[in-house]
Structure formats: structure tokens, C-alpha cells
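Numbering (this note's numbering), first residue to last: 2 to 532.
Ideal placement from N, C-alpha and C gives every residue a C-beta, glycine not left out.
Please read these numbers as outputs of a predicted model, since none were measured by experiment.
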């Protein structure tokens, strides 16, 4: 039962049909003075939050009766008061009586919610039995900063929290693997009481967005990036405008980019903007995945309808599919998985090489008198691919189809040899690239992550060696102009940025995901505005 298969029926969330999310967005207020807190609360409202969590334990100086009144009186949003002790991951280190007295005072002065830890909840709720105002809701919370327990243990925890008389159950756990989040979704969707179920850490990010689909009571979003009250919190701006949170409902289809690392990917911006522009009921998220087979087995319901796949999973992903496009099979790698609606089977394909090869051809055509060129300008050219992973194989395969002669350069020579033998071409070790110039006018394509943020000063080849190349392509698109491209341009080569490949592969994926034509102008505009 530890790693459940997440097959969640929309109807279980209640309402089904067209109902969009009623999940609230709560901004944690973690300033060190009351005056700063009041300013932050104003900013939270402007950003679009529904309520604020006032973290009293972050205040450096706290005058209980005066400060609680000020914060409630001056908040334009509903307030949730939390006074988190050190023993539950907070900052407060004083005596319990004063802490609980402050929460009782907040209740009396008109707070909308109070958060109290499971350990002291029974005692606290008993103490306010006859004094609790009608509008006040007590959230009883449990935080596990080490792991996410089994479904059975989580179910028992919910029952224990409910037994205290909680109005709202809150469980926060930590994700050691993205599949841990499925257990929290399962608990959320079956809960008979209002529940906040969140999973901390980068691998838990989807819990903070998809809680809107599975019926969570609220999610936390920060006003500024980095100003988090728990690891992995996104900004309110991203929740609302990147993930279109208000439009997520029980029937929303989930898509995402599977990778490691993955937080740099701009695919969510592209696809979510695209979904919004055509009115498609989908959300596209970052998926930091360690083990792709385990991920696909866990998230196997129709809710999870399609995925983009990036480094380092492109080859392993192919083995997880029930059916693979013949071209992708020849390449030995995929970058897109579609769940067939008819039978739930996984279909794998590769859209990588299409975007890159056509961008390289366009670059070459631009430099030649195109009326003299018939067929592909790659025909007969020496095409050097750096990297022997999924993207490297895809580009080598695509260039070979266009009549180019292939050279594979990789850190480990044996791996380069293996692919060169399969496709038909030469193999090199990356360390030999600087001395490799059998002819001028060659094409160079980097498909490794060398030079990607944050390691922007790295390059796979020295500048002097770039003089032998007519065109240099870099699959890295963050930053848009890598050190490799900058030095290639200075050496007189035509340069093609990875954003061209990125846009090209995204068109086809979008059409496969939605069954609708890709908004090409919008995609180009989005990529330009975010690079």
C-alpha cells in the first residue's frame, strides 16, 4: 500500500462537470516586525491571495494584545494565525501557555483561522469550547520534515486529527521521491472533512498546484520568490498566472515535463499559455523525477494524460512505453509520452530532431543563395554531434536522414562508438574535438547540458577549434546565447539557438496533447519574452 496507484475519479472530488477550483491561496507573512507584516499583507492582497497566514513566531518583538489587534484590524484579507514552536519546525522558543494564550486572543479579536499543532490540539480545543466564535475555524496541523508515511499511516493521522475536533485537517510531509505525493493526493481526494495536504521540497511541488484538482482546502504561495515559510513553496504569481490555478478543477488533465534537473524548464510557461489561449482544460507542471518507471507506474490514471521527457530520462522512458513510434525506436530515445484515452496505454515518440534539424537547415539556407540549393543543405556535410544521450542520437539520426556524414563526440569514447556504429559514422572523445578539423564548413551540434545555467562559463570546445565550422547549434536554451554560441559567432559561424529546437519540438507535443493546432506565434512570443 506504500506506493499506491493513483487512479482518482473526478466525481470523488464532488461537483464534477464544470466546477473550477475552490481551493484558496494563502500567503505566509514571515516579516520580523508588525509594521512590515502590515505592508506584506497589503502586497499579498495585491498579488491575488485569498487569505494570509500570520506567522507570529517570526516577529522579533511581540507585544501580544496590541500587535494581534493591529494585525487583525489592518488586514484587508481573512487572517490565519500560526505561532509555530521550534519543536514543530517554527521559530518560537518560549513557554507553551503564552503561546496558546496569544492564539486564544487572536480568536477573541476576530481571527478567521487558528493553526494549532496536533500535539497540543486536544487541550487547546477543549479550552475554547464555549468561547469559539461562529466564524472561527481551527486548523489542526501535523508536519513531518523527514518523509511521507504510507497511505495507512496517513489515514490514521487524519483520523487522529479529526478526533481532536478540528474544523480543518492539515498534513505537511516531505517528498523523498515525487511518487510520495500520490499518497497525499489519495488521502485528500477521499477525505470527508476539509483538508490541507501538502508535500514539502522540490519533489513535492505538484502537491501545491494539483491540490486544486484533488480538492485541497488551501495552498501556500509566497509574495516574493525565496521568501518561503516551508521548502518548495511557489510564488502567488506563478500559482495564478503560470499554472492558471483558478481554472484547475476535478476534470483538468495533467501534463508535465519529466527531468532531473527540471526547474529551469520553460515548457510549463509555453504549454500553460497555449492551453489558456485555446481554452483547453489542462495544466502543465514541472516533474522532478528520479525513477521514471516508478513515476509512470504510480501516476497511471487517465488524469495524467501526457508528458514531455528531458535529460536524463529520454532512453529509459522508451522502455516504459507500450508502443513507440518507429522513428523514435530507431533513435532509441523519446521526448514525448501520450496516454491513449481509449485504453490508457503509453505511446512514445520523438519530436526533438524535427525542430532542431529544420532550424539548422533554415540557418544554412539563409547563408547560401537558396535558389541554388535543391534538397537539404545538410547533404554531404560533416555533422559533428556532441553528446551521446537521447537528444544527441535524435540529431544524429535526423541529420543522417538529410544526407549528412555523422561524427559523434562524447565524454566516454565507447558510448560514442556504440551510437556511431548504430547510425553509421565516426566516433570521437570530447577531449579530441579541439584537434579535429578534417575539413572546413562543418556543422557542430551540442546536445549536452554543458554551458547551461548556472554553469554559464563552460563550453564543450575551445574557441580556436570553432573556425572549422560553418554553423554551430546549441540545444541549451538557458541562457539563450551560451558561451559556445557567443564564441562561434565571434569565429564567423552561423549560430542557431536551442530555443529554435525547443519551439519546434513543443509545437508537435502541444498538438498531440490537445488535438488542436499549436498557437505558433504565441509560442515564439513567449520564448522571446522569457529568454
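A direct Cα-Cα distance of roughly 13 Å separates residue 343 from residue 304. Residue 75 sits close to residue 42, with the two beta carbons spaced by under 9 Å.
Here residue 162 really is in contact with residue 143; their C-beta atoms are around 6 Å apart, less than 8 Å. The beta-carbon distance between residue 141 and residue 165, rounded to whole angstroms, is 5 Å. This is short enough to meet the 8 Å contact definition. Within its own chain, the residues whose Cβ lies closer than 6 Å to the Cβ of residue 263, once the five positions on either side in sequence are excluded, are 287 and 289, listed in chain order.
Rounded to whole angstroms, residue 408 and residue 383 show a C-alpha spacing of 7 Å. Residue range 283-289 is occupied by the beta strand (DSSP E) that includes residue 287, with no alpha helix (DSSP H) assigned at that position.
Secondary structure remark: continuous alpha helix (DSSP H) runs of at least 4 residues inside the segment 152-178, in chain order: 152-164. Exposure of residue 87 is indicated by the presence of fewer than 16 other C-beta atoms within 10 angstroms of its C-beta.
If you look at residue 310, you'll find it in the beta strand (DSSP E) that goes 305-310.
By the neighbour-count definition (other C-beta atoms within 10 Å, threshold 16), residue 67 is an exposed residue. Counting the other CB atoms within 10 Å of its CB gives residue 31 a total of 16 or more, which places it among the buried residues. The three-state reading of DSSP puts residue 215 in helix, counting H, G and I together. DSSP, read as helix, strand or coil, puts residue 135 in coil.
Note on geometry: alpha-carbon atoms of residue 228 and residue 172 lie some 21 Å from one another.
For residue 23, the closest of 385, 195, 489 and 361 by C-alpha to C-alpha distance is 195. Looking only at 273, 503, 469 and 465, the smallest Cα-Cα distance to residue 478 is reached by 503.
CA-to-CA, the gap between residue 64 and residue 79 works out to about 21 Å. For residue 384, there is no enclosing alpha helix (DSSP H); the enclosing beta strand (DSSP E) has its first and last residue at 383-387. Excluding sequence positions up to five before and after residue 488, its CB lies within less than 7 Å of the CB of 460, 464 and 467, all in the same chain and listed in chain order. For residue 254, the enclosing beta strand (DSSP E) starts and ends at 254-260. Residue 213 is positioned such that its CB atom lies closer than 9 Å to that of residue 249. When DSSP reads this structure, residue 221 sits in a beta bridge with 27.
Counting the other Cβ atoms within 10 Å of the Cβ of residue 448 gives 16 or more, which makes it buried. In the DSSP assignment, residue 143 forms a beta bridge with 172. By the beta-carbon neighbour count (other beta carbons within 10 angstroms, threshold 16), residue 62 is exposed. Runs of the alpha helix (DSSP H) spanning 4 or more residues and lying entirely within the segment 291-357 occur at 293-299, 315-321 and 327-332, in chain order.
Uninterrupted alpha helix (DSSP H) stretches at least 4 residues long and entirely within the segment 457-493 occur at 484-491, given in chain order. In the three-state reduction of the DSSP assignment, residue 94 falls in the coil class, being assigned neither a helical nor a strand state. Comparing C-alpha distances from residue 254 to each of 269, 69, 284 and 112 shows the shortest one belongs to 284.
With contacts defined by Cβ atoms closer than 9 Å, residue 446 and residue 387 form a contacting pair.
Annotated as distal: residue 188 and residue 220, with beta-carbon spacing of 9 Å or more. Taking 9 Å as the cut-off, the beta carbon of residue 505 is found closer than this to the beta carbon of residue 356. For residue 458, the number of other beta carbons within 10 angstroms of its own is below 16, and it is reported as exposed.
Fewer than three pairs of CB atoms, one per stretch, sit closer than 8 Å, so the segment 513-521 makes no contact with the segment 491-501. With a threshold of 16 other beta carbon atoms within 10 Å, residue 455 falls short and is exposed.
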